[in-house]
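>
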Amino acid sequence: MQADTCHIRPAQASDITAIQSIYAHHVLYGMATFEETVPDVAEIRQRYDKVIAAGYPYLVALQNNEVVGYCYASAYRPRIAYRFTVENSIYLRHDMGQKGIGSQLLTALIRHCEQGPWRQMIAVIGGTENLASINLHKRHGFTLTGIQPNTGFKHNRWIDTVLMQREIGEGGHTLPKEVN
(Lines of atoms letter the chains of each structure in order from A; the text may use other names.)
(Lines give C-alpha, C1' and ligand atoms only; values in the text may rest on other atoms or scores of the structure.)
Protein backbone atom coordinates (compact mmCIF):
# COMPACT_ATOMS: atom_id res chain seq x y z
CA MET A 2 0.00 0.00 0.00
CA GLN A 3 1.43 3.33 -1.08
CA ALA A 4 0.69 5.96 1.55
CA ASP A 5 -0.83 9.13 0.17
CA THR A 6 0.85 12.21 1.54
CA CYS A 7 -1.39 14.35 3.64
CA HIS A 8 -1.00 17.16 6.09
CA ILE A 9 -2.15 16.49 9.66
CA ARG A 10 -3.06 19.47 11.83
CA PRO A 11 -5.32 20.31 14.76
CA ALA A 12 -8.94 20.60 13.69
CA GLN A 13 -10.47 24.06 13.54
CA ALA A 14 -14.05 25.26 13.72
CA SER A 15 -13.90 25.87 9.97
CA ASP A 16 -13.44 22.09 9.46
CA ILE A 17 -16.71 21.12 11.13
CA THR A 18 -18.82 20.99 7.95
CA ALA A 19 -16.34 18.61 6.30
CA ILE A 20 -16.11 16.53 9.50
CA GLN A 21 -19.90 16.29 9.64
CA SER A 22 -20.04 15.17 6.01
CA ILE A 23 -17.46 12.43 6.59
CA TYR A 24 -19.22 11.23 9.72
CA ALA A 25 -22.65 11.30 8.06
CA HIS A 26 -21.52 8.71 5.52
CA HIS A 27 -20.40 6.37 8.32
CA VAL A 28 -23.67 6.86 10.19
CA LEU A 29 -25.77 6.11 7.11
CA TYR A 30 -23.79 3.29 5.52
CA GLY A 31 -21.23 1.88 7.94
CA MET A 32 -20.81 0.05 11.20
CA ALA A 33 -17.91 2.08 12.60
CA THR A 34 -20.38 4.14 14.59
CA PHE A 35 -23.47 2.75 16.26
CA GLU A 36 -25.23 6.07 15.75
CA GLU A 37 -28.17 5.78 13.33
CA THR A 38 -29.36 9.38 12.92
CA VAL A 39 -26.96 11.80 11.26
CA PRO A 40 -26.11 14.65 13.63
CA ASP A 41 -26.26 18.10 12.08
CA VAL A 42 -23.33 20.50 11.85
CA ALA A 43 -24.35 22.27 15.07
CA GLU A 44 -24.28 18.97 16.99
CA ILE A 45 -20.88 18.04 15.56
CA ARG A 46 -19.63 21.50 16.57
CA GLN A 47 -20.86 20.92 20.14
CA ARG A 48 -19.07 17.57 20.25
CA TYR A 49 -15.89 19.14 18.87
CA ASP A 50 -16.07 21.95 21.43
CA LYS A 51 -16.49 19.42 24.25
CA VAL A 52 -13.41 17.45 23.16
CA ILE A 53 -11.30 20.60 22.85
CA ALA A 54 -12.55 22.06 26.15
CA ALA A 55 -11.54 18.85 27.93
CA GLY A 56 -7.99 19.20 26.55
CA TYR A 57 -8.04 16.23 24.19
CA PRO A 58 -6.47 16.34 20.71
CA TYR A 59 -8.73 16.61 17.65
CA LEU A 60 -6.90 16.33 14.32
CA VAL A 61 -7.71 16.47 10.62
CA ALA A 62 -5.94 15.07 7.56
CA LEU A 63 -5.79 17.40 4.56
CA GLN A 64 -5.09 16.67 0.91
CA ASN A 65 -5.11 19.63 -1.44
CA ASN A 66 -6.44 21.74 1.45
CA GLU A 67 -9.48 19.47 1.74
CA VAL A 68 -10.37 17.51 4.89
CA VAL A 69 -10.21 13.81 4.00
CA GLY A 70 -10.20 12.35 7.50
CA TYR A 71 -10.20 13.20 11.16
CA CYS A 72 -9.51 11.68 14.54
CA TYR A 73 -9.75 12.62 18.16
CA ALA A 74 -9.23 11.30 21.65
CA SER A 75 -11.89 11.53 24.32
CA ALA A 76 -12.58 10.23 27.79
CA TYR A 77 -12.89 6.45 27.75
CA ARG A 78 -15.43 6.49 30.59
CA PRO A 79 -16.76 9.29 32.80
CA ARG A 80 -15.66 7.87 36.18
CA ILE A 81 -12.59 9.58 37.68
CA ALA A 82 -10.49 6.40 37.87
CA TYR A 83 -10.46 6.31 34.04
CA ARG A 84 -8.90 9.79 33.76
CA PHE A 85 -5.61 8.45 32.36
CA THR A 86 -7.33 6.40 29.65
CA VAL A 87 -8.56 7.77 26.33
CA GLU A 88 -10.69 6.33 23.57
CA ASN A 89 -9.70 7.09 20.00
CA SER A 90 -12.04 7.75 17.10
CA ILE A 91 -10.90 7.83 13.46
CA TYR A 92 -13.04 8.47 10.40
CA LEU A 93 -11.96 8.79 6.78
CA ARG A 94 -13.88 10.13 3.84
CA HIS A 95 -15.53 7.13 2.18
CA ASP A 96 -13.16 7.21 -0.82
CA MET A 97 -9.96 7.55 1.22
CA GLY A 98 -9.58 4.09 2.74
CA GLN A 99 -6.47 1.95 2.19
CA LYS A 100 -4.29 4.96 1.35
CA GLY A 101 -2.34 5.22 4.61
CA ILE A 102 -4.27 8.25 5.85
CA GLY A 103 -5.74 6.42 8.83
CA SER A 104 -2.23 5.35 9.80
CA GLN A 105 -0.94 8.92 9.58
CA LEU A 106 -3.84 10.15 11.69
CA LEU A 107 -3.44 7.45 14.34
CA THR A 108 0.32 8.02 14.54
CA ALA A 109 -0.25 11.75 15.09
CA LEU A 110 -3.00 11.13 17.65
CA ILE A 111 -0.81 8.76 19.66
CA ARG A 112 2.03 11.30 19.62
CA HIS A 113 -0.29 14.07 20.82
CA CYS A 114 -1.65 11.87 23.59
CA GLU A 115 1.87 10.92 24.71
CA GLN A 116 2.41 14.63 25.45
CA GLY A 117 -0.52 14.60 27.88
CA PRO A 118 -1.18 12.72 31.10
CA TRP A 119 -2.78 9.71 29.43
CA ARG A 120 -1.36 6.20 29.75
CA GLN A 121 -3.76 3.92 27.88
CA MET A 122 -5.61 4.26 24.58
CA ILE A 123 -8.69 2.18 23.81
CA ALA A 124 -10.20 1.52 20.39
CA VAL A 125 -13.87 0.57 20.40
CA ILE A 126 -14.46 -0.88 16.93
CA GLY A 127 -17.84 -1.65 15.44
CA GLY A 128 -17.87 -5.15 13.99
CA THR A 129 -15.44 -8.04 13.88
CA GLU A 130 -15.56 -7.74 10.09
CA ASN A 131 -14.11 -4.20 10.26
CA LEU A 132 -10.68 -5.56 9.37
CA ALA A 133 -9.38 -2.23 8.09
CA SER A 134 -9.75 -0.68 11.55
CA ILE A 135 -8.67 -3.80 13.44
CA ASN A 136 -5.53 -4.15 11.31
CA LEU A 137 -4.78 -0.42 11.51
CA HIS A 138 -4.82 -0.60 15.28
CA LYS A 139 -2.73 -3.80 15.33
CA ARG A 140 -0.08 -2.08 13.20
CA HIS A 141 0.07 0.68 15.80
CA GLY A 142 0.66 -1.61 18.75
CA PHE A 143 -2.91 -2.24 19.88
CA THR A 144 -3.81 -5.70 21.14
CA LEU A 145 -7.21 -7.32 21.21
CA THR A 146 -8.62 -7.12 24.73
CA GLY A 147 -12.11 -8.38 24.05
CA ILE A 148 -15.06 -8.94 21.79
CA GLN A 149 -18.53 -8.11 23.03
CA PRO A 150 -20.89 -10.19 20.91
CA ASN A 151 -24.12 -8.76 19.53
CA THR A 152 -23.91 -5.49 21.46
CA GLY A 153 -25.10 -3.29 18.60
CA PHE A 154 -28.03 -3.56 16.24
CA LYS A 155 -27.81 -1.53 13.04
CA HIS A 156 -28.84 -2.00 9.43
CA ASN A 157 -31.14 -4.80 10.57
CA ARG A 158 -28.40 -7.00 12.02
CA TRP A 159 -26.44 -7.63 15.20
CA ILE A 160 -22.94 -6.21 15.44
CA ASP A 161 -20.11 -7.19 17.77
CA THR A 162 -17.95 -4.62 19.51
CA VAL A 163 -14.19 -5.15 19.32
CA LEU A 164 -12.04 -3.69 22.09
CA MET A 165 -8.34 -3.03 21.47
CA GLN A 166 -5.82 -1.31 23.72
CA ARG A 167 -2.27 0.00 23.77
CA GLU A 168 -0.10 1.80 26.24
CA ILE A 169 0.87 5.37 25.55
CA GLY A 170 3.82 7.06 27.16
CA GLU A 171 4.94 5.11 30.22
CA GLY A 172 1.71 3.15 30.34
CA GLY A 173 1.14 1.40 33.63
CA HIS A 174 4.85 1.01 34.39
CA THR A 175 5.02 4.14 36.56
CA LEU A 176 2.56 6.16 38.56
CA PRO A 177 1.19 9.28 36.88
CA LYS A 178 2.52 12.63 38.06
CA GLU A 179 -0.97 13.69 39.12
CA VAL A 180 -2.62 10.98 41.19
CA ASN A 181 -5.51 12.77 42.89
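Note that the sequence shown covers residues 2 to 181 in our numbering.
Here a beta-carbon is modelled for each residue, glycine too, at the ideal position from N, C-alpha and C.
Remember, predicted model here, so these are calculated numbers, not experimental data.
Less than 8 Å between C-beta atoms, sequence neighbours within five positions excluded: which residues of the same chain meet that for residue 24?
So the list reads 34, 39, 40, 45, 92, once near-sequence residues are dropped.
> By Cβ distance below 8 Å, which residues in the same chain neighbour residue 144 in space, the five residues on each side in sequence not counted?
Within the same chain, residue 144 has close Cβ partners 165, 166, 167.
> Go ahead and label residue 89 buried or exposed: buried means 16 or more other beta carbons lie within 10 angstroms of its beta carbon, across all protein chains shown.
It is buried - the Cβ of residue 89 has at least 16 other Cβ atoms within 10 Å.
> So, with DSSP's three-state summary, where would you put residue 87?
The answer is strand: DSSP assigns residue 87 an E or B state.
> Does the Cβ-Cβ distance between residue 120 and residue 160 come in under 9 Å?
Cβ distance not < 9 Å, so residue 120 and residue 160 don't count as in contact.
> By the DSSP assignment, the beta strand (DSSP E) with residue 61 in it spans what residues?
Run containing residue 61: 59–64, per the beta strand (DSSP E) assignment.
> Based on the DSSP secondary-structure assignment, which residues constitute the bridge partners of residue 167?
Looking at the DSSP assignment, residue 167 forms a beta bridge with 122.
> From this set, 71, 153, 54, which residue's C-alpha is nearest residue 62's C-alpha?
For the residues 71, 153, 54, the minimum Cα distance to residue 62 belongs to 71.
> Less than 9 Å between the beta carbons of residue 84 and residue 74, yes or no?
It is not a contact, given that the beta carbons lie outside the stated cut-off.
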